[in-house]
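Residue numbers for the sequence shown, in my numbering: 321 to 398.
Heads up, the beta-carbon is just placed ideally off N, CA and C, and yes, glycines get one too.
Reviewing the structure listed below.
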Amino acid sequence: MKRTWSIEEKIAIIKEVETQGVVETCRKHGIYATTFYDWKKKYTMGGAEALRPGYSRREQQDIRKLQKENERLKKLLA
């Protein structure tokens, strides 16, 4: 099951890396280094708000697909 991390937890992990290193911190928390680097990049570029969870790329595609389908069905009913 995929775990959701709070903004505070992500910031704590980013700061922990400064003393413990990337490999050890990621192993300790059970995350991939790529996940850590993604969080760090977002935090550096946009601060804590940038770490707020959002929709995945797949979820965004599904939403767009459903919106298009809704529009198509509305036109059929009109």
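| Query | Result |
| --- | --- |
| Where Gly-366 falls: helix, strand or coil (DSSP) | helix |
| Ala-332 in three-state terms, based on DSSP | helix |
| Ile-351: first and last residue of the uninterrupted alpha helix (DSSP H) it sits in | Element bounds for Ile-351: n/a, residue is neither H nor E. |
| Pairwise C-alpha distance: Ala-398 and Ser-326 | 44 Å |
| Residue environment, Lys-348, which counts as buried when at least 16 other CB atoms sit within 10 Å | exposed |
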